[in-house]
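Count along the sequence shown from 1, add 1, and you get the number used in our numbering. Working notes for the structure below.
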Amino acid sequence: MNYETVIGLEVHVQLSTQSKAFCGCGTQFGLEANTQTCPVCLGMPGVLPVLNEKYLRYAIRAALALNCKVASYIKFDRKNYFYPDLPKNYQISQYDKPLAGDGFLEIDLAESNGAKKTIRILRVHMEEDAGKLIHTKTESLVDFNRCGMPLLEIVTHPDINSPQEAYDYLTQLKSVIEYLEVSDCDMEKGSLRCDANISLRPKGEKKLGVKTEVKNMNSFKGVREALVFEISRQQKQLDAGEEITQETRLWDADQEKTFSMRTKEEAHDYRYFPEPDLVPFTITQETIEKIKKELPELPAQKKKRLVRKYKISEYDAAVLSADKHIALYFEEAVKNYADNAKGVSNWLTQDIMNHIHTEQLQTKQLKQLLPASKLAGMLKLIDNGTISGKIGKEILPQLINSKKSAEDIIKEKNLSQISDTKELERVIDDVLRENPAVVEDFKNGKSNAFMYLVGQVMKKTRGKANPQLVNSIMAEKIK
Ligand SMILES: [Zn+2]
Numbered sequence: 002m003n004y005e006t007v008i009g010l011e012v013h014v015q016l017s018t019q020s021k022a023f024c025g026c027g028t029q030f031g032l033e034a035n036t037q038t039c040p041v042c043l044g045m046p047g048v049l050p051v052l053n054e055k056y057l058r059y060a061i062r063a064a065l066a067l068n069c070k071v072a073s074y075i076k077f078d079r080k081n082y083f084y085p086d087l088p089k090n091y092q093i094s095q096y097d098k099p100l101a102g103d104g105f106l107e108i109d110l111a112e113s114n115g116a117k118k119t120i121r122i123l124r125v126h127m128e129e130d131a132g133k134l135i136h137t138k139t140e141s142l143v144d145f146n147r148c149g150m151p152l153l154e155i156v157t158h159p160d161i162n163s164p165q166e167a168y169d170y171l172t173q174l175k176s177v178i179e180y181l182e183v184s185d186c187d188m189e190k191g192s193l194r195c196d197a198n199i200s201l202r203p204k205g206e207k208k209l210g211v212k213t214e215v216k217n218m219n220s221f222k223g224v225r226e227a228l229v230f231e232i233s234r235q236q237k238q239l240d241a242g243e244e245i246t247q248e249t250r251l252w253d254a255d256q257e258k259t260f261s262m263r264t265k266e267e268a269h270d271y272r273y274f275p276e277p278d279l280v281p282f283t284i285t286q287e288t289i290e291k292i293k294k295e296l297p298e299l300p301a302q303k304k305k306r307l308v309r310k311y312k313i314s315e316y317d318a319a320v321l322s323a324d325k326h327i328a329l330y331f332e333e334a335v336k337n338y339a340d341n342a343k344g345v346s347n348w349l350t351q352d353i354m355n356h357i358h359t360e361q362l363q364t365k366q367l368k369q370l371l372p373a374s375k376l377a378g379m380l381k382l383i384d385n386g387t388i389s390g391k392i393g394k395e396i397l398p399q400l401i402n403s404k405k406s407a408e409d410i411i412k413e414k415n416l417s418q419i420s421d422t423k424e425l426e427r428v429i430d431d432v433l434r435e436n437p438a439v440v441e442d443f444k445n446g447k448s449n450a451f452m453y454l455v456g457q458v459m460k461k462t463r464g465k466a467n468p469q470l471v472n473s474i475m476a477e478k479i480k
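See the structure below:
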């Protein structure tokens, strides 16, 4: 049977406040276990939580960037469950009155040539994190440092219809959050986590099928793979006439499979009730407007502006604006060399991005490794004919890894482009003399013989010959 895939995503983002959500403990990652705790986040009797104001502001900032309506009335609830990483036996969360909702994120669909899709945001709410269990062969250890970390949970409507769309949504959501500077979005540190709800239904059917919730994916690629697996698992089961069990499943990245963890809880399993230790309060329209005014230019707006201002393609603008650091770098480099924005964009989206990926660097390191003025300096040398683009590519790693300017490297290695006609003629004469058979081939109509001869000239000059000049002189001589 033909099925339609229906996916909804729940993303937890840890907001980068200095202190935890309801106490004064710090929020550093990687400290010695249980050194970042206090009676409040350990749930000792008689303590009272106090809401971190910055946490609230960051949460509102994110909600507004996702086009949500922010509630004027804020209330917290206790989500009760017993688990060893939760000393209070409840999480402070928001149940029936979330911070915000009714928003959307318009995403570019990577595999559909400029097509866009609107993913509706159902709700955005605040919730403290739990601790962490570490299981060794003989013991289970608990670290409460993460207890009370300020999280934002962003839940979509089931508007996503394929694993690739889920991937596109996640990468673009991450990009928005990074622009807002409210989280480091570091998945390795667990600052960004995603659970996926997925169900299938026969094509054309209106009613949603039974869903499973998939957890434990620690990369966006992992989410995509887990969803691909889950689709085929559910499909096989439905085709065999079996019913899908509503449950939570864990993704095992090594085995590339999901495994049943527990049957899915319902809201009533958590016995939510209003948190009596935090008073409900109102957020004024004035506060919301103020935070709205402070929103930075977001990726979608930046993309449009880059196209308009620098006359680069939609595609290049999307690649540049997807990463805040790259986008800033691009504009900085263009400031240094306004004559060739297109060239800056090409180098950035191709060679430099490749270098960053192969060397496993972070894009935020780029401005230190290769100051924008240095890149601009090299592009000027290419554009004024001092070096060829090919030599530019060759010296790029050295340019990145040393303090030297492009000019220094070229001088040192004697790489300036040869545009001296006399000198080029000499080399071309040599090549023609040494390759009589190829010249003959060319005269008999083999056009790639010409390319071969040009290649020989480039080889003899170690790539330094000006290619346009070589072409024209060669064409002249061979006639
Ligand atoms: Zn604490």
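Cβ atoms here follow ideal geometry from the backbone N, Cα and C, with glycine treated the same way.
Where residue i sits in the DSSP three-state scheme
i    : result
I178 : helix
F230 : helix
M150 : coil
Q15  : strand
V125 : strand
L134 : strand
I8   : strand
N482 : Any question about residue 482 goes unanswered here, given that the chain covers just 2 to 480.
S220 : coil
M45  : coil
P481 : Absent from the model: residue 481. The displayed extent of the chain is 2 to 480, so no value can be given.
Y91  : strand
P275 : strand
I383 : helix
A438 : helix
V211 : coil
K478 : helix
E54  : helix
T38  : coil
Y84  : coil
Residue i to residue j span [Cα, whole Å]
i    : j    : result
V215 : F221 : 13 Å
L52  : T172 : 30 Å
F331 : V345 : 7 Å
K258 : L87  : 28 Å
Y74  : A60  : 14 Å
C24  : L57  : 14 Å
L123 : Y338 : 45 Å
L181 : E298 : 9 Å
L400 : K412 : 13 Å
F145 : A373 : 43 Å
S113 : I353 : 25 Å
L100 : E154 : 10 Å
A342 : M188 : 33 Å
R309 : S176 : 21 Å
P300 : N449 : 45 Å
N217 : I284 : 35 Å
K404 : E360 : 18 Å
D255 : G223 : 10 Å
K138 : L65  : 46 Å
E33  : V143 : 12 Å
R79  : T119 : 32 Å
Residues near residue i by beta carbon distance below 8 Å, same chain, minus five either side
i    : result
T213 : N198, I199, S200, E231, Q235, I245, T246, Q247, E248, T249, R250, T259, K265
Q418 : G386, T387, I388, S389, I392, K465, A466, N467
D109 : G115, A116, K117, D169, Q173, A319
M150 : Q15, K21, A22, T28, E129, D130
L362 : H356, L370
P398 : H356
L209 : V7, P159, S200, R202
S1   : With the chain running from 2 to 480 in the structure shown, residue 1 is simply not present.
K19  : For the sequence presented, residue 19 should be read as Gln rather than Lys. The answer, listed in chain order, is G27, T28, K55.
Integer Cβ distance of residue i from residue j, believed to fall under 8 Å
i    : j    : result
D196 : E11  : 5 Å
I479 : V432 : 10 Å between Cβ atoms; not a contact.
P164 : L228 : 4 Å
V71  : I289 : 5 Å
H126 : Q95  : 4 Å
L425 : V471 : 6 Å
Beta-carbon contacts of residue i that lie in its chain and below 7 Å, excluding the five residues immediately before and after
i    : result
K381 : Y338
Q238 : I245
R272 : N81
Q37  : C26, G27, Q29, N146
H326 : T364, K365, L367
T350 : D317, V320, L321
P40  : V48
Residues near residue i in its chain [Cβ-Cβ closer than 6 Å; skip 5 each side]
i    : result
K204 : N3, E5
L152 : H13, Q15, E128, D130
A334 : V345, A373, L376, A377
K89  : G44
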